[in-house]
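Take any residue in the sequence shown, count from 1 to its spot, add 633: that is its number in this note's numbering.
Notes follow the structure.
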Amino acid sequence: MSRAFGGRRPSLIVPLFALGSSFWAAQAAWATDIIGIQPAALDQPQINAAIRYPSTTGTLNDPLFADFGGGTRAFNVTAFLDTGASGVLLSNETASFLGDLYNPGVETASYNNKPVVYQDVGVAGSDNFRVSVPVQVSIGAFNTANVDNVANAEQQLSDSNPASFQGIDLSYYKHTTGTIRAQVGPLNTADPNDPGDNPLLEDLDVFGMPVMKGKVVVMDPKPVENIISGNIDNGFQMKTHVYNPGTAFNPATADDDPGIPKTTRTIKLSYGSFNEFTRTGTLEGDGSVAPLPADQVATYQPTLEHNPFIGPNPINPAGDTTPPVKVSFNGQSATGSFLLDTGSAASMISTSLASKLNVRYVAGTQGTDNPQLESFDPKNPSAPGTAIDNQFQLSIGGIGGTTKVAGFFLSSMLVKTMQGSVTNDNDPNHFNFVQAPVLVSDITVQNPDTQRTLTLDGIFGMNNLVASIFVSENGGIIPDFSDLTPGAFDWVVFDEPNGELKLRPRLSGDSNRDGIVDFNDLVKLAQSYNSELQSDFWANGDFNGDGVVDFNDLVMLAQHYNDPNAADGVIDLPHYQFDIGLGAAAAGVPEPGGLMLMGGAMVALGRRRRR
């Protein structure tokens, strides 16, 4: 029978719309369970940028650029956009290429003829960084159009002789920061001319909260799912945009310049500043760092801004009523403040929070190449524990180096929204991540003067917001990869001025993911009805993830037809088998003052695994 809409049975389709309201009424009593999230995100947000010296005339100076010789020049910096980073980090590699500058870094600050150094603490210790002279950062979207814009501009710069930006269109760098100082490095504290002793960060550029201050970040995670469908020719990386508040959404340009989309759920955030846990000083001849005089710190330290948390501000929690994250496992529950971290590919809880769930490391395995978790009896903690099923292992790295940690699947992770009741965990507007994967590791910072320490309760990573994959090192050298899972959200919006994470969950029946289930979606489903799909599963109407477009998918579409405010009580994400690895780009991303996890895009073709 024909797949065209006219060749299907209208008698099968039309009566369901009369049932739609009754189906939806039944679902409206359910909380929104999100099922199927995997341990590692398939992508993290990036941004394009140009670095400039500050202008004294009101007109922007030309960007700094690299001249590689032979008529090849480049100026664009592609960086991770990281809400978990307090500052802006320029890698040694990038800094060393930016023109007539200090090598291996941009021109850097000095005090009393000694280089200024910034001490940062992360997942595996601490590293030192140089501090740049004042610069400005111009940021542009990471999207399909700007791939061509950057290539054309850099080709024009390469063709000019002498090098000149005259006539080159740089208007797609829509926002320019005020004057800031960046971190540069890391460096080997014993020798400021050494390229560094932490190779993971050597070529990593990270733009943190200073470039997002006062802005709204719009992330479109949908293209990442081309990895699963196999449509990688259409791009497979998240598109990221930075807008002024109030920028209207434009559906006609939604692919490359959407504006700020309408969302249906909002998570309230708090903000915390990690400034007190860092130190800025001068690098002494013996490699030590001498603190700057108190009245000079603000002048010479890198520009730092606060970081967002789901839950009360952990640095100063008094009076903060921001709803925390609630985690549960084997009948035990605990709450905590989780860093909202777009620079983290995975999510994490502290060993203290894990212990409240009766979970701990097997004695002697923490910090080894084969860490193992177990559950224990709190009434008899000295007794041997019980190994936890479905564990996984990942190496996390960044400031201080790398370390391998273990993770497990929580029973649930509850995140409350502003649309729901703060006193009702079962409110249907809240998000409950069922079988949520988390690593167990401590991110601890210490005030170098007062010795006050703080360990984060957890990290809410990108694996919860974008397509994800199961990955585990399992005590070996080569990681194991298995299930690929699409993301639960059509749009992810970080509204820095209002302190909000705004989300639009994917809606069953919305094949084109425009936020409304309508006739266009019905046509797509009808064209594929009774077909087993090999690609473009969701776009062709397979909403329940069973590999075929049938009556069950039609029912799901009917439940949400023409209801822009509809919501699914359960978002059960289909799993796809990881079949062919086309490459992996691993990248570490620093967090507040330097906390970071390993991330990156795994490019792979997936084939449907029936659920």
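The C-beta atom is built at its ideal place from N, Cα and C for all residues, glycine as well.
Report yes if the CB atom of residue i is closer than 7 Å to the CB atom of residue j, and no otherwise.
| i | j | result |
| --- | --- | --- |
| D836 | S765 | no |
| L820 | N761 | yes |
| G721 | P843 | First, the residue type needs correcting, since residue 721 is Val and not Gly in the sequence shown. It is a contact, given that the beta carbons lie within the stated cut-off. |
| P1007 | A1020 | In the sequence on display, residue 1007 carries Glu and not Pro. Yes. Within cutoff. |
| H811 | S977 | It should be noted that the sequence gives Gly, not His, for residue 811. For G811 and S977, no; Cβs fall outside 7 Å. |
| K872 | N776 | yes |
| A1100 | V857 | yes |
| I900 | T1050 | yes |
| Q788 | I801 | no |
| S1144 | D1154 | yes |
| A674 | V817 | no |
| F1211 | S1105 | no |
| D1201 | S1141 | yes |
| D1186 | F1176 | yes |
What distance in whole Å lies between the Cβ atoms of residue j and residue i, which are believed to be in contact at a cut-off of 8 Å?
| i | j | result |
| --- | --- | --- |
| P854 | L1098 | 6 Å |
| P947 | L1089 | 7 Å |
| E1129 | G905 | The pair is not a contact, with the Cβ atoms about 14 Å apart (cut-off 8 Å). |
| G704 | S791 | 5 Å |
| P1070 | S985 | Their Cβ separation, rounded to whole angstroms, is 19 Å, which puts P1070 and S985 out of contact at 8 Å. |
| V1078 | F971 | No, V1078 and F971 are not in contact; Cβ-Cβ is about 16 Å, not under 8 Å. |
| A699 | A707 | 5 Å |
Which residues mark the beginning and the end of the alpha helix (DSSP H) in which residue i is found?
| i | result |
| --- | --- |
| K989 | 984-989 |
| V766 | Premise fails: V766 is in no alpha helix (DSSP H) and is neither H nor E. |
| I668 | Run containing I668: none in the alpha helix (DSSP H); it sits in the beta strand (DSSP E), 665-668. |
| I861 | 859-862 |
| A1159 | 1152-1160 |
| M845 | No alpha helix (DSSP H) holds M845; DSSP gives it neither H nor E. |
Please report how far the alpha carbon of residue i lies from the alpha carbon of residue j, in whole angstroms.
| i | j | result |
| --- | --- | --- |
| I680 | P672 | 24 Å |
| M845 | V780 | 21 Å |
| P1004 | R1137 | 37 Å |
| R898 | F1122 | 11 Å |
| V995 | T1001 | 11 Å |
| F1042 | D1116 | 14 Å |
| T690 | N1096 | 44 Å |
| I860 | D953 | 41 Å |
| D1183 | F840 | 46 Å |
| I670 | N877 | 31 Å |
| G969 | V958 | 5 Å |
| V1126 | L1072 | 25 Å |
| D974 | I865 | 26 Å |
| G1132 | A1159 | 42 Å |
| A881 | P678 | 21 Å |
| G964 | F1009 | 13 Å |
| T692 | A682 | 18 Å |
| N1080 | L697 | 35 Å |
| F907 | Q1167 | 48 Å |
| L916 | P795 | 38 Å |
| P1197 | E1165 | 29 Å |
| N785 | A778 | 11 Å |
| I1076 | Q752 | 16 Å |
| V768 | T932 | 14 Å |
| F1114 | I1102 | 7 Å |
Helix, strand or coil: which one does DSSP assign to residue i?
| i | result |
| --- | --- |
| T936 | coil |
| A1069 | coil |
| F907 | coil |
| S791 | helix |
| F1184 | helix |
| Q999 | coil |
| D1082 | coil |
| L722 | strand |
| V930 | helix |
| V1099 | coil |
| G1018 | coil |
| A784 | helix |
Considering just the uninterrupted stretch of the beta strand (DSSP E) at residue i, what are its terminal residues?
| i | result |
| --- | --- |
| Q816 | 816-820 |
| T727 | Note, T727: premise wrong, no beta strand (DSSP E); alpha helix (DSSP H) at 725-730. |
| R1146 | Unbroken run through R1146: none, as it is neither H nor E. |
| E1133 | 1133-1138 |
| Y876 | 872-876 |
| T1088 | 1086-1088 |
| L902 | First-last for L902: undefined, no H or E at that position. |
| K994 | One detail in the question is off: residue 994 reads as Tyr in this sequence, not Lys. Y994 -> beta strand (DSSP E) spans 992-994. |
| L675 | L675 -> no beta strand (DSSP E), and no H or E assigned at all. |
| D1116 | 1113-1118 |
| Q671 | Note, Q671: premise wrong, no beta strand (DSSP E); not H, not E. |
| W1124 | 1122-1128 |
Kindly indicate if chain B contains any beta-carbon less than 7 Å away from that of residue i.
| i | result |
| --- | --- |
| Q1210 | Although the question refers to chain B, the structure presented lacks it and comprises just one protein chain. |
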